[in-house]
Structures are given as structure tokens and as C-alpha cells.
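Student:
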Amino acid sequence: MSDRSRIITSALIVGLVTPLGAATAPASGSDGSQSSPVAAERGTCRTGKVALTFDDGPQPGDTGKLLRVLRRKHARATFFVQGYRVRAHPKLIRKITRAGHRIGNHTWNHPDLTGLSKRQIRSQIVRTNRAIRAAGGPRPTLVRPPYGATNDRVAGVVKQLRMHEVLWTVDTHNWSGGSVDAIVHRALSAIRPGDNIILMHDGVATSGRTVKAVPRIIRGIRKRGYCVAP
Ligand code: ZN
Numbered sequence: 024m025s026d027r028s029r030i031i032t033s034a035l036i037v038g039l040v041t042p043l044g045a046a047t048a049p050a051s052g053s054d055g056s057q058s059s060p061v062a063a064e065r066g067t068c069r070t071g072k073v074a075l076t077f078d079d080g081p082q083p084g085d086t087g088k089l090l091r092v093l094r095r096k097h098a099r100a101t102f103f104v105q106g107y108r109v110r111a112h113p114k115l116i117r118k119i120t121r122a123g124h125r126i127g128n129h130t131w132n133h134p135d136l137t138g139l140s141k142r143q144i145r146s147q148i149v150r151t152n153r154a155i156r157a158a159g160g161p162r163p164t165l166v167r168p169p170y171g172a173t174n175d176r177v178a179g180v181v182k183q184l185r186m187h188e189v190l191w192t193v194d195t196h197n198w199s200g201g202s203v204d205a206i207v208h209r210a211l212s213a214i215r216p217g218d219n220i221i222l223m224h225d226g227v228a229t230s231g232r233t234v235k236a237v238p239r240i241i242r243g244i245r246k247r248g249y250c251v252a253p
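Using my numbering, the first residue of the sequence shown is number 24, and each one after it goes up by one.
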């Protein structure tokens, strides 16, 4: 338990102090960021911060819908993507990056990393980083191990690659069914003063419900005095 919370905490700190420009440089580019989502959040973090994270994508259709919802709410998120999907849909990586969101590494094809050798773990992560770069994204600094499954070997490889593991503090179980109300309730009832990381999924069968839940989650987060931080 303490190992787990240490990982969450250290990753969060890294996530929060890493200069945003590194991961989201295109946001300040020519496509006009006059209504910067970050600026919209300033001064609203009195209770804490909430990072919205979407795993497993990108996926045509679903990812675009999520991006539209996030844009409407001026909220930035982190997308933990799978390498094989990035290779299949590189344009979506550019779309996510251009919108000012952060891209994280969710391995090539979602194995339980704790069952793999060092060499295999490294390959899962490095191949995915290369696919993200080849698609026009920034080099990711964050890794989310599938299923949140990690051990010393996984942590060692991630560290060698000068990356950081990020788990989560709130699981919406949005992949396993449940209504929009249930997803919203799970998210909002579990956030606590301080730093929070909400786990959701992109490109899963229930993505339609997630897209409906996200604006309500963002509204609820802000109403409670938290801000949405990527
Ligand atoms: Zn996943």
C-alpha cells in the first residue's frame, strides 16, 4: 500500500511540476490559444487539483468526441495511449497534442508488465515512445502500467528510461459498464483535498457514456473548489 501511494505521489509531483511547455508546446503555437485552458483554471484550485486521465486509446470516433468535450469545458487531460493504436491512427496523436493535452505511454499492447522480462518491458515502452514521436507527438515522460500492475523490475526499467510511473487515486470503472450517473458519482465521491488522478478509458465499448459523464465530472470538480490539471 505504501509503495503504491509513494508511486502515485511521486508521479503526481513530477506531473505537476514538469513544465507544461515540454509536453504541450504546440498549444502556444499558431493555432491560437487565446482562451488557454490553463489560464481558465487559475485561482480555482483552493481545494486541490484533479488530473483527468484516459487510457487505452487513441480510437477513431471516441477520441475525437472526448477532445470536443474537453475543449468545450476548457479542460486539459492526459491520454495514456497504446503503441499499436498510435501506429494505426497517428493523426489522433497530433490532434491530442495540438489541443494542449498530454500524451503518456500505456505500453505497446497492454500486457501485464509484471509477467515480462526486463528486455520485454523495455521494448513495450520504447516501441510506444517511438510510435508517439513518429506520429508527431512529444517524447512521453509518463508511463501508466496496464492494470496498474507494477513491481521493482517494472519500476527499474521505467527509471532507466528516465520516465515516471503514474497510477491513479480514483477509478471510475468506466470500462465495465454502469450508467453515466454511476461514472459521475464514482469520480466525484472519491476526490479528496490535495492531488487526485481520475482513471477513465478511451476507445472502449462504454466510451459513449464516458463522453456524457466527463462534462458533469468537470463541472462537479470545479464546483467543489478543485481545478482540472493535465
Ligand atoms: Zn489500460
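Glycine residues also receive a C-beta, built at the ideal position from the N, C-alpha and C atoms.
On a predicted model such as this, the values are computed, not experimentally measured, just so you know.
#1: Can you tell which of C68, Q82, P168 has its C-alpha closest to the C-alpha of A228?
#2: Relative to the alpha-carbon of S202, which residue among G159, L139, A236, M186 has its alpha-carbon at the smallest distance?
#3: Below 7 angstroms, is the gap between the Cβ of D175 and the nearest heavy atom of the ligand MG?
#4: Whole angstroms is fine: what's the gap from W198's alpha carbon to L222's?
#5: G80: which of L89, R145, Q105 sits nearest, CA to CA?
#6: Distance check for H112 and K118, CA to CA, integer angstroms please.
#7: If contact is defined by three or more beta carbon pairs under 8 angstroms, each pair taking one atom from either stretch, is the region 154-170 in contact with the region 130-138?
#8: Whole angstroms are fine: how far does the CA of I116 sit from the CA of A158?
#9: Where in the region 78-131 do unbroken runs of the alpha helix (DSSP H), each at least 4 residues long, occur, reported from the N-terminal end onward?
#10: Less than 8 angstroms between the beta carbons of A172 and T137, yes or no?
#11: So, at 7 angstroms on beta carbons, what are the nonlocal neighbours of R94 in its own chain, with the 5 sequence-adjacent residues on each side left out?
#12: Could you pull the DSSP bridge partners for V73 from this structure?
#13: Put V193 into one of helix, strand or coil per three-state DSSP.
#14: Where does the unbroken alpha helix (DSSP H) through G179 begin, and where does it stop?
#15: Which one of T233, F102, R145 has the shortest CA to CA distance from L184?
#16: Below 7 angstroms, is the gap between the Cβ of D194 and the nearest heavy atom of the ligand ZN?
#17: Would a C-beta distance cut-off of 8 angstroms place A213 and I240 closer than the cut-off?
#18: Decide if S140 is buried, meaning its Cβ has at least 16 other Cβ atoms within 10 Å, or exposed.
#19: Taking only heavy atoms of the ligand ZN into account, decide whether any of them is closer than 7 angstroms to the Cβ of D225.
#20: Give the straight-line distance between the Cα atoms of Y107 and K246, rounded to the nearest whole angstrom.
#21: Does the beta-carbon of G231 have 16 or more other beta-carbons within 10 angstroms, so that it is buried, or is it exposed?
#22: For the ligand ZN, is there a heavy atom less than 7 angstroms away from the beta-carbon of D135?
Tutor: So, from the data block:
#1: In the sequence shown, the residue the question calls residue 228 occupies position 205. When each option's Cα is compared against that of A228, the closest is Q82.
#2: Here residue 202 refers to the residue found at position 179 of the sequence shown. With distances taken between Cα atoms, S202 lies closest to A236.
#3: Looking for the ligand MG in the displayed structure turns up nothing; the ligands present are the ligand ZN.
#4: Counting from 1 along the sequence shown, the entry for residue 198 is found at position 175. Counting from 1 along the sequence shown, the entry for residue 222 is found at position 199. Using only the alpha carbons, I get a separation of about 10 angstroms.
#5: The count along the sequence shown starts at 1 and reaches residue 80 at position 57. When L89, R145, Q105 are compared, the shortest CA-CA separation from G80 is found for Q105.
#6: Within the sequence shown, residue 118 is the residue found at index 95, counting from 1. Within the sequence shown, residue 112 is the residue found at index 89, counting from 1. Taking the straight line joining both Cα atoms gives about 10 angstroms.
#7: Using a Cβ-Cβ distance cut-off of 8 angstroms, the region 130-138 and the region 154-170 are in contact, since at least three pairs of beta carbons, one from each stretch, lie closer than that value.
#8: Counted from its first residue, the sequence shown places residue 158 at position 135. Counted from its first residue, the sequence shown places residue 116 at position 93. If I take the Cα positions, the gap works out to 6 angstroms.
#9: With a minimum length of 4 residues, the continuous alpha helix (DSSP H) runs that stay inside the region 78-131 are 85-95, 106-111, 113-121.
#10: What you label residue 172 is simply residue 149 of the sequence shown in a count that begins at 1. What you label residue 137 is simply residue 114 of the sequence shown in a count that begins at 1. Yes, Cβ-Cβ distance for A172 and T137 is below 8 angstroms.
#11: As a position in the sequence shown, residue 94 is number 71, starting the count at 1. Only A122 meet the Cβ criterion.
#12: One-based indexing of the sequence shown puts residue 73 at position 50. Looking at the DSSP output, V73 shares a beta bridge with N219, V251.
#13: For the purposes of this step, residue 193 is identified with residue 170 of the sequence shown, where counting begins at 1. Residue state, collapsed to three classes: strand.
#14: Within the sequence shown, numbered from 1, the residue matching residue 179 stands at position 156. Counted as a single uninterrupted DSSP element, the alpha helix (DSSP H) harbouring G179 occupies residues 175-183.
#15: Here residue 184 corresponds to residue number 161 of the sequence shown, with the count starting at 1. For the residues T233, F102, R145, the minimum Cα distance to L184 belongs to R145.
#16: Indexing the sequence shown from 1 puts residue 194 at position 171. Not under cutoff, so the answer is no.
#17: Residue 213 sits at position 190 when you count from the first residue of the sequence shown. Residue 240 sits at position 217 when you count from the first residue of the sequence shown. The criterion of a C-beta distance shorter than 8 angstroms is not satisfied by A213 and I240.
#18: Working through the sequence shown from its first residue, we reach residue 140 at position 117. By the neighbour-count rule (16 or more Cβ atoms within 10 Å), S140 is not buried but exposed.
#19: Residue mapping note: residue 225 aligns to position 202 of the sequence shown, counting from 1. No, Cβ of D225 sits at least 7 angstroms from all heavy atoms of the ligand ZN.
#20: Against the sequence shown, residue 107 aligns to sequence position 84. Against the sequence shown, residue 246 aligns to sequence position 223. Going by the C-alpha atoms only, they are around 38 angstroms apart.
#21: On the sequence shown, residue 231 is found 208 positions in, with the first residue counted as 1. Under the 10 Å beta carbon count, G231 is surrounded by fewer than 16 other beta carbons and is classified as exposed.
#22: Numbered from its first residue, the sequence shown carries residue 135 at position 112. Checking the 7 angstroms criterion, the Cβ of D135 is out of range of every heavy atom belonging to the ligand ZN.
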